[in-house]
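Numbering-wise (numbering that gives the first Met the number 0), the sequence shown opens with residue 0 and increments by one.
Built from N, CA and C at the ideal position, the CB exists for glycine as well.
Values in this document were obtained by computation on a predicted structure and should not be read as measured data.
Quick notes on the structure that follows.
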Amino acid sequence: MYLYLSLILLAFTLSLDSCSVGLTYGLRSVRIPLRSIIIIGMCSAAVMLVSMGIGHMIAKVFSPVIATRIGGLVLIGIGIWVLYQFFRSEKKEEPKQEEKVWKLEIASLGLVIQILRKPTVADFDKSGTISAGEALLLGIALSVDSFGAGIGASLLGYVPAMMAILVAIMSSLFLFIGMKLGTVLSNMKWLQKFTFLPGVLLIIIGIWKM
């Protein structure tokens with residue numbers, strides 16, 4: 000029971016970014032169709048499976064006790080990094096104009112970097128709708144942050160398939176909920192101030208599992 004509760008909590012934590020992104024799109028009246036939401040969820044599941052596979056290989060090198068401690072430290076480290084990014088972005092002023100994605104020389108890598116920095120640039124054609132192709136890039140960008148957490152989760156003994164399914168379902172659900180909330184609460188942008196929560200929860204889970 001304890002393992003399942005911590006598994007759900009971790010999947011919940013890793014999916015909170017999707018809610019934040021959905022909220023941002025909702026506030027800007029950008030629509031994400033069901034097909035695009037499913038693609039984003041599948042990207043999250045695929046990245047989680049790969050990262051947990053790597054974690055499983057690392058776990059073979061260490062004893063279960065050491066692997067668990069490493070996994071806990073990884074989650075704590077990622078949580079601290081999330082908090083650092085949050086407080087650093089708070090100090091920076093938003094640029095007056097959005098940077099154009101096309102300026103980057105390495106297109107595929109550059110697009111993901113830009114989307115990570117500012118999710119709204121995923122709507123390349125400014126159509127107000129996230130297409131399947133745009134959803135693929137957005138899904139990869141959203142999954143990059145959870146890659147390290149997937150390795151840590153594997154070292155802590157979580158089942159990869161179950162974790163991937165939960166992350167896919169929760170990230171898709173939270174993206175949808177965030178988008179709907181954004182359209183309804185367009186005058187409550189202060190809600191985005193709570194994007195530090197994933198960092199706090201990751202630190203708590205990391206300490207809890209150690």
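Which class does residue 14 belong to by DSSP, given the choice of helix, strand or coil? Locating residue 14 in the sequence shown gives position 15, counting from the first residue. In the structure shown, residue 14 sits in a helix (DSSP, three-state: H, G or I).
Between which two residues does the alpha helix (DSSP H) containing residue 173 stretch? For the purposes of this step, residue 173 is taken as the residue at position 174 of the sequence shown. Looking at the DSSP string, the run of the alpha helix (DSSP H) that includes residue 173 is 159–183.
Answer with yes or no whether the minimum CB distance from residue 133 to chain D is below 7 Å. The chain labelled as chain D is not found in the depicted structure, where only one protein chain is given.
Exposed unless 16 or more other CB atoms sit within 10 angstroms - verdict on residue 3: Within the sequence shown, numbered from 1, the residue matching residue 3 stands at position 4. Classification for residue 3: exposed.
Quick check: the region 18–28 against the region 175–182, are there 3 or more CB pairs under 8 Å? Three or more pairs of CB atoms, one per stretch, sit closer than 8 Å, so the region 18–28 contacts the region 175–182.
Contact between the region 44–56 and the region 147–167: three or more CB pairs below 8 Å? The region 44–56 makes contact with the region 147–167; the number of CB pairs closer than 8 Å reaches 3 or more.
Residues in the same chain with beta-carbon distance under 6 Å from residue 145, minus the five sequence neighbours each way, listed in chain order, please. Start at 1 with the first residue of the sequence shown, and residue 145 comes out as number 146. 13.
Report the rounded CA-to-CA distance for residue 151 versus residue 54, giving the unit in angstroms. Taking the sequence shown and counting its residues from 1, the one referred to as residue 151 is at position 152. Taking the sequence shown and counting its residues from 1, the one referred to as residue 54 is at position 55. Between residue 151 and residue 54, the C-alpha separation is close to 7 Å.
Roughly how many whole angstroms lie between the Cα atoms of residue 59 and residue 158? Within the sequence shown, numbered from 1, the residue matching residue 59 stands at position 60. Within the sequence shown, numbered from 1, the residue matching residue 158 stands at position 159. Taking the straight line from one Cα to the other gives about 15 Å.
Residues near residue 11 in its chain [Cβ-Cβ closer than 7 Å; skip 5 each side]: What you label residue 11 is simply residue 12 of the sequence shown in a count that begins at 1. Taking C-beta separations shorter than 7 Å and ignoring five residues to either side along the sequence, the partners of residue 11 in its chain run 169, following chain order.
Give every residue of the same chain whose Cβ lies closer than 8 Å to the Cβ of residue 37, excluding the five residues on either side of it in the sequence, and list them in chain order. Here residue 37 refers to the residue found at position 38 of the sequence shown. By the criterion of a C-beta distance shorter than 8 Å, residue 37 is surrounded in its chain by 171, once the five residues flanking it on both sides are discounted.
Go ahead and label residue 132 buried or exposed: buried means 16 or more other beta carbons lie within 10 angstroms of its beta carbon, across all protein chains shown. Position 133 of the sequence shown, counting from 1, holds the residue named residue 132. With fewer than 16 Cβ atoms within 10 Å of its Cβ, residue 132 is classed as exposed.
Would you list the one or two residues that DSSP bridges to residue 30? Taking the sequence shown and counting its residues from 1, the one referred to as residue 30 is at position 31. The secondary-structure analysis by DSSP pairs residue 30 across a beta bridge with 128.
Reduced DSSP secondary structure (H/G/I, E/B, other) of residue 155: Start at 1 with the first residue of the sequence shown, and residue 155 comes out as number 156. Reduced to three states, the DSSP call for residue 155 is coil.
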